[in-house]
DNA sequence: TAAACTTGTAATAATATTTGTTACAGGTGT
DNA sequence: ACACCTGTAACAAATATTATTACAAGTTTA
Ligand code: FES
Ligand code: FES
């Protein structure tokens, strides 16, 4: 199992809008960089827009950032593109046997533990901004 | 996306072997409690055995614990059942465009950040033992 | 106003992953 | 010999992910 690449693509999109800020970032342009279909990009941009991270308008070419990149954390992107439902990073087997002491309690016991772990993950994502990502890309470009 | 329930089933199996320690925990017995097919249980038990968490022998009915439950953390189970590959909790889109400054750097930039988050998750799982799970189940049973 | 281009969105297809099922070889104990 | 178990592989079914195609509706510009 792996968390959908929608997340990494979302980060990619935001970073590229920034780096291409003097140009026009259409879904086709972005798709060329990510190497996927423009419709995929439009769907993800729609999600980023829903979360207030970008501005786009039907008919008008190009997406723009709606916030400072330093205010957008990876956690914001992660939530925006909806790759993991709340409390559902780990799936738990359904319908355990209610006649078994373990079966009738395992879910209630395990779910909160899984939740703590999920929150630890998400907290970590919250410590990094997309600006950090862009700066790292710029640094890597300058060195090489 | 969700992490395979093999993980929760693995925890369930260990807990049930403990609670049924005076009985014989065959794959059929365990399957009845988890509510799945015995072959699924045998496959998972095989993984737990590979990690040294349980003892089973071909032909001999029943699985036994190979370690003290207090020494088995949820992280141990998680690794044993192989629900997430190392560094691959998050998938990253492949083949980004090497002619784009973002495309040619995004992977190298993002992967370490994802890794930090994954480790935070795993560290959290390492803080809880299967014994804690069993104790919680027992507590819940006694109250109700 | 028409043509050219865009976004938003849905329907569909292709692919991959997860889970369950069936079957059976080979081990063990009665 | 028989009944029972584990280990394992092959297969099937159910889900989820990603890509593709198509088109309505908005915008620009010529
Ligand atoms: S059914 Fe999950 S522990 Fe018994
Ligand atoms: S950022 Fe992923 S291809 Fe440009």
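Protein chains in written order, with the numbering used here: chain A, 13 to 156; chain B, 13 to 156. From the three backbone atoms N, C-alpha and C, an ideal C-beta is built for every residue, glycine too.
Backbone secondary structure at residue i - three-state DSSP
i	result
residue 17/A	coil
residue 64/A	coil
residue 97/B	coil
residue 121/B	helix
residue 141/B	strand
Separation of residue j from residue i, as counted between CA atoms
i	j	result
residue 145/A	residue 27/A	7 Å
residue 69/B	residue 36/B	13 Å
residue 73/A	residue 138/A	31 Å
residue 98/B	residue 71/A	43 Å
residue 15/A	residue 100/B	8 Å
residue 113/B	residue 153/A	7 Å
residue 8/A	residue 125/A	Residue 8/A is absent from the model: chain A starts at 13 and stops at 156.
residue 133/A	residue 150/A	26 Å
residue 79/B	residue 65/B	6 Å
residue 143/B	residue 31/B	11 Å
residue 62/A	residue 49/A	20 Å
residue 93/B	residue 24/B	12 Å
residue 158/A	residue 89/A	Nothing about residue 158/A can be read from this structure; chain A reaches only from 13 to 156.
residue 127/A	residue 75/A	35 Å
residue 55/A	residue 130/A	26 Å
residue 95/B	residue 135/B	16 Å
residue 67/A	residue 19/B	40 Å
residue 45/B	residue 77/B	17 Å
residue 147/B	residue 83/B	14 Å
residue 33/B	residue 141/B	18 Å
residue 121/A	residue 57/B	21 Å
residue 40/B	residue 47/B	10 Å
residue 123/A	residue 111/B	45 Å
residue 52/A	residue 21/A	10 Å
residue 42/A	residue 105/B	13 Å
residue 17/A	residue 109/A	36 Å
residue 115/A	residue 116/B	49 Å
residue 119/B	residue 119/A	37 Å
residue 59/A	residue 107/B	23 Å
residue 91/B	residue 38/A	42 Å
residue 29/A	residue 155/A	22 Å
Range of the contiguous beta strand (DSSP E) that encloses residue i
i	result
residue 76/A	72 to 77
Beta carbon proximity, residue i to chain A, threshold 8 Å
i	result
residue 94/B	no
residue 118/B	yes
residue 115/B	yes
residue 65/B	no
residue 34/B	no
residue 154/B	no
residue 56/B	no
residue 136/B	yes
residue 10/B	Residue numbering for chain B in the displayed model covers 13 to 156; residue 10/B lies beyond these limits and cannot be assessed.
residue 125/B	yes
Residue span of the alpha helix (DSSP H) that contains residue i, given as start and end
i	result
residue 102/A	It is not in any alpha helix (DSSP H) - residue 102/A carries neither H nor E in the DSSP assignment.
residue 81/A	Unbroken run through residue 81/A: none, as it is neither H nor E.
residue 33/A	No alpha helix (DSSP H) contains residue 33/A, which DSSP labels as neither H nor E.
residue 111/A	Note, residue 111/A: premise wrong, no alpha helix (DSSP H); not H, not E.
residue 45/B	39 to 46
Below-8 Å beta-carbon distance, residue i vs any chain B residue
i	result
residue 109/A	yes
residue 132/A	yes
residue 60/A	no
residue 122/A	yes
residue 49/A	no
residue 89/A	no
residue 74/A	no
residue 86/A	yes
residue 14/A	yes
Any non-hydrogen atom of ligand 4 closer than 7 Å to residue i Cβ
i	result
residue 122/A	Ligand 4 is not part of the structure shown, which contains ligand 1 and ligand 2 as its ligands.
What residues from the region 95 to 106 of chain B come within 9 Å of chain A, judged by C-beta to C-beta, listed N to C?
95, 96, 97, 100, 101, 102, 103, 104, 105 and 106
The region 16 to 31 of chain A: which residues have C-beta closer than 8 Å to a C-beta of chain B, in chain order?
16, 17, 19, 20, 21, 23, 24, 27, 28 and 31
Using Cβ-Cβ distances below 7 Å, what residues of the region 139 to 151 of chain B are close to chain A?
140, 145, 148 and 149
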